[in-house]
Every structure is written in structure tokens, then in C-alpha cells.
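Engineer: Below: one structure in C-alpha cells.
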Amino acid sequence: MDNSFQGLDRFAAGAQYIGGRPRPGTSGRAHTVVDPATGEKILDYVLASTADVDDAVAAARDALPGWAGATPGERSDAMHRFAALLAERAEDFAHAESLQCGKPIRLTREFDVPGTVDNTAFFAGAARHLQGQSAGEYSGDHTSYVRREPIGVIGSIAPWNYPLQMAAWKVLPAVAAGNTIVLKPAELTPLTSLMFASAATDAGIPDGVVNIVTGAGRDAGEHLVGHPDVAMTSFTGSTAVGRRVAEIATSTVKRLHLELGGKAPFVVFDDADLEAAVHGAVAGALINTGQDCTAATRAYVQRPLYDAFVEQVADLMATVRVGDPFDEDTDLGPLISHAQRDRVAAFVDRARAYATVVTGGAAPGGGGAHYRPTLITGAAQDSEIVQAEIFGPVLVVLPFDSDEEGLALANDTPYGLAASAWTRDVYRAGRATREIKAGCVWINDHIPIISEMPHGGYKASGFGKDMSTYSFEEYTQVKHVMYDNTAVARKPWHRTIFGDR
Ligand code: NAD
Numbered sequence: 001m002d003n004s005f006q007g008l009d010r011f012a013a014g015a016q017y018i019g020g021r022p023r024p025g026t027s028g029r030a031h032t033v034v035d036p037a038t039g040e041k042i043l044d045y046v047l048a049s050t051a052d053v054d055d056a057v058a059a060a061r062d063a064l065p066g067w068a069g070a071t072p073g074e075r076s077d078a079m080h081r082f083a084a085l086l087a088e089r090a091e092d093f094a095h096a097e098s099l100q101c102g103k104p105i106r107l108t109r110e111f112d113v114p115g116t117v118d119n120t121a122f123f124a125g126a127a128r129h130l131q132g133q134s135a136g137e138y139s140g141d142h143t144s145y146v147r148r149e150p151i152g153v154i155g156s157i158a159p160w161n162y163p164l165q166m167a168a169w170k171v172l173p174a175v176a177a178g179n180t181i182v183l184k185p186a187e188l189t190p191l192t193s194l195m196f197a198s199a200a201t202d203a204g205i206p207d208g209v210v211n212i213v214t215g216a217g218r219d220a221g222e223h224l225v226g227h228p229d230v231a232m233t234s235f236t237g238s239t240a241v242g243r244r245v246a247e248i249a250t251s252t253v254k255r256l257h258l259e260l261g262g263k264a265p266f267v268v269f270d271d272a273d274l275e276a277a278v279h280g281a282v283a284g285a286l287i288n289t290g291q292d293c294t295a296a297t298r299a300y301v302q303r304p305l306y307d308a309f310v311e312q313v314a315d316l317m318a319t320v321r322v323g324d325p326f327d328e329d330t331d332l333g334p335l336i337s338h339a340q341r342d343r344v345a346a347f348v349d350r351a352r353a354y355a356t357v358v359t360g361g362a363a364p365g366g367g368g369a370h371y372r373p374t375l376i377t378g379a380a381q382d383s384e385i386v387q388a389e390i391f392g393p394v395l396v397v398l399p400f401d402s403d404e405e406g407l408a409l410a411n412d413t414p415y416g417l418a419a420s421a422w423t424r425d426v427y428r429a430g431r432a433t434r435e436i437k438a439g440c441v442w443i444n445d446h447i448p449i450i451s452e453m454p455h456g457g458y459k460a461s462g463f464g465k466d467m468s469t470y471s472f473e474e475y476t477q478v479k480h481v482m483y484d485n486t487a488v489a490r491k492p493w494h495r496t497i498f499g500d501r
């Protein structure tokens, strides 16, 4: 294995990154980062306390005037250097991400890391292109224009499934718009968020602009969301925790951005390219071992293609190589933890009572948190396996007859993050894009994302957008500035107050 990983000694100073420096947490509570592929310990660290969160918010507040006052060009330059440094350190990031998450090294090298570099370059460019409504004399007597200003200190919370990309999606638009940020990564996966913040410092982004607190959700997380000096909360994670975050953020009147769970449908019409749909379903269901909020989880296949689809998906799943993330031949790594593997297995075991496990449905053995690609048929639409977010390598397939039925089934969960439709008929495709209630609808593909386009949900999948200029704008506030042009002391509209005096 060729890698340039610099080793774990760099985290010896602690798993907090505050004011441009790493330091240990002060909660007194130890946490261990575990390699899910082996169950072995990677790193022990001390979780952040609420006092650490206070320090991080103070560092972000102190850095705010300088960073918000920098010109867009200055911010852009620093972010371009940041993108270049991330590209230089790509192999190091890929290795650390694979190590802490169990992701196959091919995935981190070809998706997580280049995606993050591209996102950084995108926001470096976007920093110089904030758009506002044009200025003009709308009342006749005044000139109005819009200023887009940073919001202030942003408090962000991220999940463990794509730690590096989630850190990037939170930090980059916020910082490009002149805000400063405190990011709380998931306790299980702090390594690449810490490396990301330290690369920002090395690229010349001033101390305190990007801070990381690695603490537990219940104390450090809630303290960050409720903090009076935090102006906006941006959260990615489960819908259940999102509700709690929303309560706290609402009670402190914060701007809120929620990227929550998903249960993406995958609708195959009877004119679809079957081979493309089969490959798309297996790739879309298994990416990141199914721990992807947009993963294909429910395939609805029109009756004429149903049997062939099930058979071919089962055959293709059986060829997927489950194993060591650092073996370049491995297709599917472990789940994030043994607890998550057991949770997924429990969903599948409960489904055996009412559905058929066509393939998979078992752990392959060994010390890792692996689980075989699993295909389930015969489940009712209202069953748990069809409705609940499983977050594992599990695909459920159901048949449908009319186009109306297929689209109605696709919309029939509380979630609305992403969906795909498979057809060669442009009218069917158009109808699917209009009728499916999701933040992203793919036609004849499932999963690709790009920095220029927004990612975000409908319904219980949340609101707010990541990536793209839509997300950039969410990290700004709009101010209307209005100048009087008449230089008249007694203005005509004063009549409404003073009569004709
Ligand atoms: P989670 O909701 O358990 O945790 C997410 C983060 O919230 C973690 O950092 C955790 O420490 C923190 N947290 C937990 N309790 C908290 C509390 N009471 N207050 C504040 N913070 C708290 O989610 P997870 O298991 O880490 O990640 C998987 C979930 O994330 C899935 O539901 C998945 O769909 C979702 N997700 C959504 C998107 C999206 O873009 N919509 C992207 C990735 C993941």
C-alpha cells in the first residue's frame, strides 16, 4: 500500500482546534476513535467541555471583524491557497478518512477528497461573486441598494458518514461569505475535520476563523446551538436530533439550516435500460456501505421489469467484494461501528418476519463491522424496512403497475432528500422531476453531486442548501440601505404625520 499518511502523533496535542491551535478537551471524559475495519483503537482523546465551546466561540468572535472586513479578493486568495494545500495533502486525507470511517481507499481517493478540493476551489471563486439586487431609485426620491453581510459566528454540527466533506460543506460557504465558524464533528470521526482546520491555518486563513470542538452532542453540541454569541446553526444529521437542534435554535432566535435524514426512492419505469438501472441501483445502494443520506434505499420497479431487476441486482450484489478498506480491490468496507452494524442487522432480522431476504442479511465474520450487501423483496409499503432510514447496505425492491402508482409510492415516506427515475421516455422523466418531492431528482443516474449545484431536502429531510451559490447566500444576511436624494428637510411624506405644517 502506497500512502503518505503522516501518522497519528499530530493529534497528540488534543482533538480540539481553537484559535489556530490544537489543544485537549477539558470535559474529563475520554473517547476512543476506533478503526471499524478491525475494531482496534486508533486514538484516545478527551471530549470538549462546554467551557471549550465557549473558548471556541470567543476565538471565532475575536476573528470576525478582521475576516469579515477582509476584501472578497483577500478571502478568495486564502481559500485558493487552502484548496491547493488540500490537493497537495490528498493522500494523507484519503488515508485518515478511510482509517476512521472504514471507507474503501478507492472511495476516499476518488470521491471524498477530490470532492472536498473542488468544493474549496468553488467557494474560493464564489467569494468574489456575491450577488445582490440591483441598486435603483425605486421611490423616485431615494436610492436603494442591498448589502450582503456575513451573519457572524456560525455554529455547525456534522455527522460521521462523510466527515471531511461535511466539514467542507459547512465551513467553506460560511467562511467565503466572511463569517467565522465553530464546527462540531461527530465524536467517532474527528480526524479529518482537525486536519482540515489545520490546513486552513497553514494556508493563511487567520487564527479563529475555523475552530473545531470535538464533543458529545448532548452537552458540547447543545451548548453550541444555544450559545448567545452564535448567530446561525447549521446542522447535518438525523431527523430526530435535528428536531432537538431546531427547538434550541428557535428558542434563541437563530437562523437555522438543517440537512437531515433520507430514504431515497429509485423508480424504474418499464422502458428503462435494465442494465443501467441494475448497476445504478447496486452502486447507489452500496456507496459508503449505504451510509449515505441520498443512497438508493427503495427501488420501485414497473411490473414487466421487476423479476429480471431483482435477479440481476442479486447477482451483481453477490460479486461485491467486502473487506479491508486499504485493499484496492475492496468494494465495500465496514459500517462506521459495530453498534451501527448491529442496528442494521436488527432492521433486517425484524424484516424477515414479513419480507424475503434475497441475498445478504449477514455479517461476513472477522473483527470488522462489515455487513453483506442485502436485497429484500416482498415488504409492504408501510413496513419498517421501507419507511425507516436504515443507513446500511440494504436495498428493498417493490413492484408497481401504473406510472401514477410508482410516483405516489416514491413520495410515500416522511423524507424528501433525493430520488431517481429511470426511463428513456422524456415525458415520463419530466413528470418524475415535477412530481417527486425531493431536493434532488436524478434521471438515469443516482448519487453524483457537483459543487455548482445545491444539495438539500424537502419534508423531514430538512431545509437549507449545501454547496453551490444557494448555500453561499444562506450564510449572508441582506441589508437594505436607502439614501434620500432630495436634500429637502420637510419631505412630502411628512404630511401623514404633521398634516400641512
Ligand atoms: P446524528 O443526528 O446522531 O448526529 C449528528 C451530529 O449531531 C453528531 O455530531 C452528534 O454528536 C450531534 N448531536 C447528537 N445529539 C445532539 C444534540 N442533542 N444536540 C446537538 N448535537 C447533537 O447523526 P449521525 O448518526 O452522526 O449521522 C447519520 C445521519 O445524518 C443520518 O440520518 C443521515 O441521513 C444524516 N445525514 C444527512 C445529510 C444531508 O445532507 N441531509 C448528510 C449526511 C448525513
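Residue numbers (full-length UniProt numbering): 1 to 501. The beta-carbon is built from N, C-alpha and C at its ideal position, and this holds for glycine as well.
Could you name the residues that DSSP lists as bridge partners for I181?
Structural biologist: For this step, residue 181 is matched to residue 181 along the sequence shown. Note: I181 sits in a beta bridge opposite I154 and V210.
Engineer: What are the boundary residues of the beta strand (DSSP E) that includes A264?
Structural biologist: The sequence position of residue 264 within the sequence shown is 264, counting from 1. That run of the beta strand (DSSP E) goes A264 to V268.
Engineer: By Cβ distance below 7 Å, which residues in the same chain neighbour P325 in space, the five residues on each side in sequence not counted?
Structural biologist: Walking along the sequence shown from the start, residue 325 turns up at place 325. Only A37, S98, G102, K103, P104, I105 and G333 meet the Cβ criterion.
Engineer: Between H455 and ligand 1, is the CB less than 7 Å from at least one heavy atom?
Structural biologist: Residue numbering aside, residue 455 sits at position 455 when the sequence shown is read from its first letter. Taking non-hydrogen atoms of ligand 1 into account, the C-beta of H455 is found less than 7 Å away from one of them.
Engineer: Might you give, ordered along the chain, the residues of its own chain that have their beta carbon closer than 8 Å to the beta carbon of Y138, omitting 5 neighbours on each side?
Structural biologist: What you label residue 138 is simply residue 138 of the sequence shown in a count that begins at 1. Cβ within range, chain order: S144.
Engineer: Looking at ligand 1, does it come within less than 7 Å of M467, judged from the CB to the closest heavy atom?
Structural biologist: Working through the sequence shown from its first residue, we reach residue 467 at position 467. Remark: the C-beta of M467 is outside contact range of ligand 1, defined as less than 7 Å to any heavy atom.
Engineer: Since K41 is in the beta strand (DSSP E), which residue starts that stretch and which ends it?
Structural biologist: Translated into the one-based positions of the sequence shown, residue 41 becomes position 41. The continuous beta strand (DSSP E) containing K41 extends over residues E40 to V46.
Engineer: What's the call for N485, buried or exposed, on a 16-neighbour Cβ count within 10 Å?
Structural biologist: Against the sequence shown, residue 485 aligns to sequence position 485. With fewer than 16 other Cβ atoms within 10 Å, it is exposed.
Engineer: For the region 241-255 and the region 376-387, state whether three or more C-beta atom pairs, one from each stretch, are separated by less than 8 Å.
Structural biologist: no
Engineer: So for P325, helix, strand or coil by DSSP?
Structural biologist: As a first step, residue 325 must be located in the sequence shown, where it is residue number 325. P325 falls in the coil class under three-state DSSP.
Engineer: As a quick exercise: from G7, D207, I248 and G208, pick the residue whose alpha carbon is nearest that of V225.
Structural biologist: Taking the first residue of the sequence shown as position 1, residue 225 is located at position 225. That would be I248, whose Cα lies nearest to the Cα of V225.
Engineer: Establish whether the CB of S468 and some CB of chain D are separated by less than 8 Å.
Structural biologist: No chain D appears in the structure shown, which is made up of a single protein chain.
Engineer: Pop quiz: Y483 and H142 are said to be a contact at Cβ under 8 Å. What is the actual Cβ separation, rounded to whole angstroms?
Structural biologist: On the sequence shown, position 483 is the one that residue 483 refers to. On the sequence shown, position 142 is the one that residue 142 refers to. Going by Cβ atoms, the distance from Y483 to H142 rounds to 6 Å, so yes, they are a contact pair.
Engineer: To the nearest angstrom, how far is it from the Cα of D229 to the Cα of Y300?
Structural biologist: Position 229 of the sequence shown, counting from 1, holds the residue named residue 229. Position 300 of the sequence shown, counting from 1, holds the residue named residue 300. When rounded, the distance between both Cα atoms is 47 Å.
Engineer: Would residue 508 and A438 qualify as a contact pair, given that the criterion is a beta-carbon distance under 8 Å?
Structural biologist: Residue coverage of the chain in this structure runs from 1 to 501, which leaves residue 508 outside it and unanswerable.
Engineer: With a threshold of 7 Å, establish whether the CB of W442 neighbours any heavy atom of ligand 1.
Structural biologist: Residue 442 sits at position 442 when you count from the first residue of the sequence shown. Incorrect: W442 has no Cβ contact closer than 7 Å to ligand 1.
Engineer: Tell me, please, which residues DSSP counts as bridged to K479.
Structural biologist: Translated into positions along the sequence shown, residue 479 becomes position 479. R147.
Engineer: By the three-class DSSP mapping on this structure, what secondary structure does M1 have?
Structural biologist: For the purposes of this step, residue 1 is identified with residue 1 of the sequence shown, where counting begins at 1. Only weak support exists for where M1 lies, its pLDDT of 42 falling under 50; the coordinates are left without a value.
Engineer: Looking at C-alpha atoms only, which residue of V313, T330, T319 and D329 is the closest neighbour of V357?
Structural biologist: As a position in the sequence shown, residue 357 is number 357, starting the count at 1. If we check each option's Cα against that of V357, V313 comes out closest.
Engineer: Taking Y306 as part of the alpha helix (DSSP H), name the residues at either end of that continuous run.
Structural biologist: Stepping through the sequence shown from its first residue, residue 306 is reached at position 306. Start and end: R303 to A318.
Engineer: Confirm the yes/no value for this check: CB of N485, any heavy atom of ligand 1, distance under 7 Å.
Structural biologist: The sequence position of residue 485 within the sequence shown is 485, counting from 1. No, Cβ of N485 sits at least 7 Å from all heavy atoms of ligand 1.
Engineer: Any heavy atom of ligand 1 closer than 7 Å to the CB of K254?
Structural biologist: The residue you call residue 254 lines up with position 254 of the sequence shown. The answer is no for K254.
Engineer: Where in the region 448-499 do unbroken runs of the beta strand (DSSP E), each at least 3 residues long, occur, reported from the N-terminal end onward?
Structural biologist: 476-484
Engineer: With distance defined between alpha-carbon atoms, name the residue in K41, R298 and V282 nearest to R382.
Structural biologist: Taking the sequence shown and counting its residues from 1, one reaches residue 382 at position 382. Before going on, a small fix: residue 382 reads as Asp here, not Arg. The residue with the shortest Cα to Cα distance from D382 is R298.
Engineer: Under DSSP, the alpha helix (DSSP H) around E74 begins and ends at which residues?
Structural biologist: The residue labelled residue 74 in the question sits at position 74 within the sequence shown. Here the alpha helix (DSSP H) through E74 covers P72 to E88.
Engineer: Given that a residue counts as buried once 16 or more other Cβ atoms are within 10 Å of its Cβ, and exposed if not, what is I390?
Structural biologist: For this step, residue 390 is matched to residue 390 along the sequence shown. Around the beta-carbon of I390, 16 or more other beta-carbon atoms lie within 10 Å, marking it buried.
Engineer: Can you look up E187 in the DSSP assignment and give me helix, strand or coil?
Structural biologist: By 1-based counting over the sequence shown, the position of residue 187 is 187. Coil at E187, not helix or strand.
Engineer: Tell me which same chain residues have a C-beta within less than 6 Å of the C-beta of A124, skipping the five on either side of it?
Structural biologist: Taking the sequence shown and counting its residues from 1, one reaches residue 124 at position 124. S76, M79, H80 and A83.
Engineer: For R148, which residues from the same chain have a beta carbon less than 7 Å from its beta carbon, with the 5 sequence-adjacent residues on both sides left out?
Structural biologist: Within the sequence shown, residue 148 is the residue found at index 148, counting from 1. Excluding residues within five positions, the ones whose Cβ falls inside 7 Å are L130, G132, T476 and V478.
Engineer: Below 8 Å on the Cβ atoms is my contact criterion, and I expect A167 with A158 to pass it. Report the Cβ-Cβ distance as a whole number of Å.
Structural biologist: On the sequence shown, residue 167 is found 167 positions in, with the first residue counted as 1. On the sequence shown, residue 158 is found 158 positions in, with the first residue counted as 1. About 6 Å separates the CB atoms of A167 and A158; that is less than 8 Å, so the two are in contact.
Engineer: Helix, strand or coil for D9? Go by DSSP, reduced to three states.
Structural biologist: As a position in the sequence shown, residue 9 is number 9, starting the count at 1. If DSSP states are grouped into helix, strand and coil, D9 belongs with the helices.
Engineer: S251 lies in the alpha helix (DSSP H); which residues open and close that run?
Structural biologist: In the sequence shown, counting from the first residue as 1, residue 251 sits at position 251. Element bounds for S251: T239 to S251.
Engineer: Pull the bridge partners of Y415 from the DSSP assignment, please.
Structural biologist: Position 415 of the sequence shown, counting from 1, holds the residue named residue 415. Y415 pairs with K459.
Engineer: Buried or exposed: L8, going by 16 or more other Cβ atoms within 10 Å of its Cβ?
Structural biologist: Taking the sequence shown and counting its residues from 1, one reaches residue 8 at position 8. With fewer than 16 other Cβ atoms inside 10 Å of its own Cβ, L8 counts as exposed.
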